[in-house]
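A quick write-up on the structure given underneath.
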Amino acid sequence: MPFTPLEQAVIQALGWDLRDIAPDLAGQFEESLPGARRNTGAGLYTEMIVDPHRPPPKRTPSGSFGTVHAMVGDLPGSMAFKARLREGVLMGLEGDAFDMDTSAIDFRTTPFDRVFTVDDQGRSIAFDPAILRNPAPCWTFRRGTIRKKTQRSKPRPVSSMSAPCSGSRTLSPLAPRKAAGRPVWLPRTSISTSASCSGWA
């Protein structure tokens, strides 16, 4: 039973978001399987079963962590997602819809987009999965020798979105903003999920 596209996308973003708190979170997810799933009516919960043979994590926080959000289905606002950890071990994925009704949503197949994190100043940062890939090699020639350089990607701030924190429950409509004389839009990468998954209550 595979993880759903939504689960994969937000856990991938949480691995980046929590890289200082739980550096091996992405590795745990890669070696885990989904357990029980629940649609809570105001969000979701997916149990994570991590490979018991993995070495214990060096950092051992316990609690729910993360600032990842995504627009899910037809909900008017974004959902927040957190990783549930127990002594550093990934236990589950929590999705909070901020009291919006999710009882009619099939999280296995519902479309989603605009995955983003929120920084310490409350700014929304669009998550780009490309930042998790190995730096692409770039070869240059100098005085008859070949030197290898790397190009690293960085997440771009997104100032045209308002994070659903500090009591906010909705995502502001996107609007063009002027930057260096040019309008800047938040890239929209709509993902229509059609994976065959099961287990949602």
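Residues in the sequence shown are numbered consecutively from 1, following UniProt numbering. All residues carry an ideal CB built from backbone N, CA and C; glycine is no exception. These numbers come from a predicted model, not from an experiment.
Task: CB contact flag (Arg54, Ile21, <8 Å) - done: To locate residue 54, count along the sequence shown from 1; it is residue 54. To locate residue 21, count along the sequence shown from 1; it is residue 21. Taking 8 Å as the Cβ cut-off, Arg54 and Ile21 do not qualify as a contacting pair.
Task: Pro2 versus Pro129 - alpha carbon distance - done: Numbered from 1 along the sequence shown, position 2 holds the residue referred to as residue 2. Numbered from 1 along the sequence shown, position 129 holds the residue referred to as residue 129. So the two alpha carbons sit approximately 19 Å from each other.
Task: Reduced DSSP secondary structure (H/G/I, E/B, other) of Gly122 - done: Here residue 122 refers to the residue found at position 122 of the sequence shown. In this structure, Gly122 counts as coil in the three-state DSSP scheme.
- [ ] Drop a sphere of 10 angstroms on the beta-carbon of Gly43, count the other beta-carbons inside from all chains shown, and report buried for 16 or more, exposed for fewer.
- [x] Walking along the sequence shown from the start, residue 43 turns up at place 43. Buried is the call here.
Task: Best match in Ala97, Ala70 and Asp106 for proximity to Ser124 [C-alpha to C-alpha] - done: Translated into the one-based positions of the sequence shown, residue 124 becomes position 124. Selected option, being the one with the closest Cα: Ala70.
Task: Buried versus exposed, by CB contacts within 10 Å (16 or more), Ile105 - done: The count along the sequence shown starts at 1 and reaches residue 105 at position 105. That one is buried.
Open item on the list: Using only the alpha-carbon positions, how far apart do Phe116 and Pro52 sit?
Closed with: Start at 1 with the first residue of the sequence shown, and residue 116 comes out as number 116. Start at 1 with the first residue of the sequence shown, and residue 52 comes out as number 52. About 31 Å.
Task: Distance between Ser32 and Leu14 (C-alpha atoms, nearest Å) - done: Position 14 of the sequence shown, counted from the start, is the residue given in the question as residue 14. Position 32 of the sequence shown, counted from the start, is the residue given in the question as residue 32. Roughly 15 Å separates the two Cα atoms.
Task: 7 Å Cβ shell around Leu85 - same chain, five flanking residues per side excluded - done: As a first step, residue 85 is located in the sequence shown; it is residue number 85 there, counting from the start. Hits under 7 Å: Ala22, Pro61, Ser62, Gly63, Phe65 and Met91.
Open item on the list: By DSSP's criteria, Leu75 is part of a beta bridge. Which residues make up the other side?
Closed with: The residue given as residue 75 occupies position 75 in the sequence shown. DSSP, once it has assigned bridges, lists no residue as partnering Leu75.
TODO: Apply the 10 Å Cβ neighbour rule to Pro56 and answer buried if 16 or more other Cβ atoms are within range, or exposed otherwise.
DONE: Within the sequence shown, residue 56 is the residue found at index 56, counting from 1. Pro56 should be labelled exposed.
TODO: Can you grab the Cα-Cα spacing for the pair Arg133 / Asn39, in whole Å?
DONE: The residue given as residue 133 occupies position 133 in the sequence shown. The residue given as residue 39 occupies position 39 in the sequence shown. The straight-line gap from Cα to Cα measures roughly 32 Å.
Task: Contacts around Thr46, its chain only, beta-carbon distance under 7 Å, and the 5 residues preceding and following it disregarded - done: As a first step, residue 46 must be located in the sequence shown, where it is residue number 46. Within the same chain, Thr46 has close Cβ partners Glu7, Pro34, Arg37, Gly92 and Leu93.
Open item on the list: Suppose you measure from the CA of Leu25 to the CA of Asp120; what does that come to, to the nearest Å?
Closed with: Locating residue 25 in the sequence shown gives position 25, counting from the first residue. Locating residue 120 in the sequence shown gives position 120, counting from the first residue. Looking at the two C-alpha atoms, the distance is approximately 21 Å.
TODO: Could you work out which residue in Pro111, Val118 and Phe107 is closest to Ala41 when comparing CA atoms only?
DONE: Position 41 of the sequence shown, counting from 1, holds the residue named residue 41. What sits at residue 41 in the sequence shown is Gly, not Ala. Measuring from the Cα of Gly41, the nearest candidate turns out to be Phe107.
Task: CA nearest to the CA of Asp74, picked from Glu87, Gly88, Val10 and Ala97 - done: Looking up residue 74 in the sequence shown gives position 74. Checked all of Glu87, Gly88, Val10 and Ala97; the closest Cα to Asp74 is Ala97.
Task: Whole-Å CB distance - Ile11 paired with Phe29, under 8 Å assumed - done: Position 11 of the sequence shown, counted from the first residue, corresponds to residue 11. Position 29 of the sequence shown, counted from the first residue, corresponds to residue 29. Yes, they are in contact, since the Cβ atoms of Ile11 and Phe29 sit about 5 Å apart, within 8 Å.
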